[in-house]
Every structure is written in C-alpha cells, then in structure tokens.
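Below you'll find the structure, written out as structure tokens, and then a few comments.
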Amino acid sequence: MERLIEFATQHYYLVGAWVLTLLILLATEKRKSGKSVTPAEATRLINKESGIVLDIRTRKEWDTGRITSAHHIPLADLDRRMSELDKFKDTPVIVVCNLGQSAGAAAKKLKTAGFQQVVRLSGGMTEWKGQNMPIIK
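Here the UniProt record's numbering is used: the first residue of the sequence shown is 1, the next is one more, and so on.
Structure below.
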C-alpha cells in the first residue's frame, strides 16, 4: 500500500490521466446503454404508456420470480429471437436483468434494431424485489 501511495504522489499526472480515462469510459458506456428507470418509473411506463417488460435473465433466475406479464428472452438468445418483439418497436420496452448490469447490452441491441423507446430497470430484479414490488412465480 505504501508503494501505491508513493507511486501516486510521484506520478500524479499518470494517475490523473487514468482516472479521467476511466470516467470517460464509464460515461460513454452509460450513454450507449440508454436511460435507466426506477421501479416506480417502470410501473408508470407499464400502466400509463402500455410499456412491456423484457426479462433477459436465465431460465433459472426467471423461475425465482418475475414481473407480471414480462416477456422472457434470455440475453444469450436475444439476437436470434429479436423478431418476437417486432410488434413492440414503438412501445416503451423496459429491459430487466438480475442486477441491472447486463440490461445495457440488451438495450443497445434493441436500439440498433430500431426500437424507439428502450430503458433499463435500474438495479434490475434485485431492486424491484427490494422495493417490495409485485412478482409472480
């Protein structure tokens, strides 16, 4: 640890450049994956704007509980099964994963395929369950 501090103080310009690069990378990736919404905002999109939920978790995770009327297409199958969602291209699509980390990749694929309103659930199903939102098994 001492050597790390010593390096950082002696090479502050390198550490600063590394931190700046990391921040730019994080900001770019966040922008690519689209907007995220809270469980409350997702509920509003579902109820008021006829939004659909796309659950990209694995079958095992899906079986532990899901959002009512969610469409299940695992991330690994999304490219192959994208045509199943074509009728929702002008509908808000809420992409849900377990922790909110892989939803960005799916959201990016959907946007590239021409979906107009794609958002991801911030915190994923973990946050949804944490806020005691309804799930079905």
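Think of the CB as a built atom: it goes at the ideal place given N, C-alpha and C, for glycine as much as any other residue.
Secondary structure of residue i, DSSP reduced to three states
i	result
Ile14	Going by the sequence as given, residue 14 is Leu instead of Ile. DSSP places Leu14 in helix when its eight states are reduced to three.
Ser36	strand
Leu23	helix
Lys5	The sequence shown places Ile at residue 5, not Lys. Helix.
Ile136	strand
C-beta atoms of residue i and residue j nearer than 8 Å
i	j	result
Val95	Ala107	yes
Ala113	Ile56	no
Ile73	Arg81	yes
Val37	Leu26	no
Glu52	Thr28	Note on residue identity: the sequence assigns Ile, not Glu, to residue 52. Not in contact: Ile52 and Thr28 (Cβ atoms no closer than 8 Å).
Pro134	Thr64	no
Endpoints, the alpha helix (DSSP H) within which residue i is located
i	result
Leu121	Unbroken run through Leu121 is the beta strand (DSSP E), Val118 to Leu121; no alpha helix (DSSP H).
Leu110	Ala103 to Thr112
Asp55	Taken as a continuous stretch (DSSP letters only), Asp55 belongs to no alpha helix (DSSP H), being part of the beta strand (DSSP E) at Ile52 to Asp55.
Thr126	Gly124 to Gly130
Pick from the options that is closest to residue i, judged by C-alpha positions
i	options	result
Val118	Arg80, Leu54 and Leu78	Leu54
Leu41	Lys129, Ile135, Gly130 and Arg120	The identity of residue 41 in the sequence shown is Glu, whereas the question assumes Leu. Comparing Cα-Cα distances from Glu41 to each of Lys129, Ile135, Gly130 and Arg120, the minimum goes to Arg120.
Lys129	Trp62, Leu4, Thr9 and Gln10	Trp62
Any C-beta of chain B under 8 Å from that of residue i
i	result
Thr28	Within the model displayed, chain B is absent; a lone protein chain is all it includes.
Outcome for residue i when other beta-carbon atoms lying within 10 angstroms are tallied against a minimum of 16
i	result
Ser50	exposed
Val19	exposed
Phe115	buried
Phe7	exposed
Gly123	buried
N-terminal and C-terminal residue of the beta strand (DSSP E) that residue i is part of
i	result
Ile94	Val93 to Val96
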